[in-house]
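Shown next, in structure tokens, is the structure this report addresses.
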Amino acid sequence: MDELEDNLRLLRFEVLEGELQSSIASAQPSPAIAAGLAASQRRLAALEGSDETRLLSAGEMAEYVGRGRNWAAQRSKSGSLIRVEHAGRTLYPAFQIDPETRTVRDWAAPMAAMLDELGLDGRDFAIWAAAPSPRFAGDLPVRSAGDPEFLSMAAAALADV
Numbered sequence: 112m113d114e115l116e117d118n119l120r121l122l123r124f125e126v127l128e129g130e131l132q133s134s135i136a137s138a139q140p141s142p143a144i145a146a147g148l149a150a151s152q153r154r155l156a157a158l159e160g161s162d163e164t165r166l167l168s169a170g171e172m173a174e175y176v177g178r179g180r181n182w183a184a185q186r187s188k189s190g191s192l193i194r195v196e197h198a199g200r201t202l203y204p205a206f207q208i209d210p211e212t213r214t215v216r217d218w219a220a221p222m223a224a225m226l227d228e229l230g231l232d233g234r235d236f237a238i239w240a241a242a243p244s245p246r247f248a249g250d251l252p253v254r255s256a257g258d259p260e261f262l263s264m265a266a267a268a269l270a271d272v
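For the sequence shown, our numbering begins at 112 and goes up steadily by one.
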């Protein structure tokens, strides 16, 4: 009898667990959260259309720097290149590459580590870099990506976020 009771309890638990998972899966975000997500998606889509803030696929990034197709993913995995997850795609901000030397800027790896430490991701960074910032005299941080002081200015600004 104890085994039967245990099996019934387990069955009830599994049914309740299934109902809970179904309920969570069908939950709709609040209007404020949905609006925030939509605004974020729009901002990221706008980044892709600008030469200053463009986001490149792994193939585009490889072509841009003259490397193999897996180069960007490997650099990102090792923490030396920042990636952005957007609309089911993995993209890479082009401004972390020096356009003249086609090499990763010196600040990219420390920035990736700092983002991780702050609990931010590449998506947050890309959106931040494409918006006017008081720490950059009201200009877009991305426009200062080649400045030797970019990392320290960005670190100070992101710490305020």
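Virtual Cβ for every residue (Gly too), placed ideally from N, Cα, C.
Simplified DSSP assignment, three categories, for residue i
i	result
Leu166	strand
Glu260	coil
Leu251	coil
Arg216	coil
Glu196	strand
Pro140	coil
Leu229	helix
Pro245	helix
Pro210	coil
Straight-line Cα distance separating residue j from residue i
i	j	result
Met63	Arg180	The question about residue 63 has no answer here: the residues shown for the chain are numbered 112 through 272.
Tyr175	Pro140	38 Å
Lys188	Met222	14 Å
Leu262	Ala145	32 Å
Glu260	Ser244	15 Å
Ser201	Arg234	The residue asked about is misnamed: residue 201 is Thr in this sequence, not Ser. Answer to the nearest angstrom: the Cα atoms are 10 Å apart.
Asp258	Ser161	20 Å
Gln185	Met264	27 Å
Gly249	Ala242	9 Å
Leu119	Ala149	Because the pLDDT of Leu119 is 49, which lies under 50, any placement of that residue in the model is unreliable, and the number read from its coordinates should be weighed accordingly. Cα to Cα, the separation comes out at about 45 Å.
Glu211	Asp232	26 Å
Pro142	Arg178	44 Å
Tyr203	Trp218	15 Å
Ser168	Ala256	20 Å
Trp182	Val195	15 Å
Beta-carbon contacts of residue i that lie in its chain and below 8 Å, excluding the five residues immediately before and after
i	result
Ala224	Gly190
Ala270	Leu229
Gly170	Arg180
Ile208	Met172, Tyr175, Val176, Thr214, Val215, Arg216
Arg254	Glu163, Phe247
Whether residue i touches residue j by CB criterion (8 Å)
i	j	result
Ala220	Arg165	no
Leu226	Ala240	no
Ile193	Phe247	no
Spatial neighbours of residue i in its chain, beta-carbon cut-off 7 Å, leaving aside the 5 residues before and after
i	result
Ala267	Arg246
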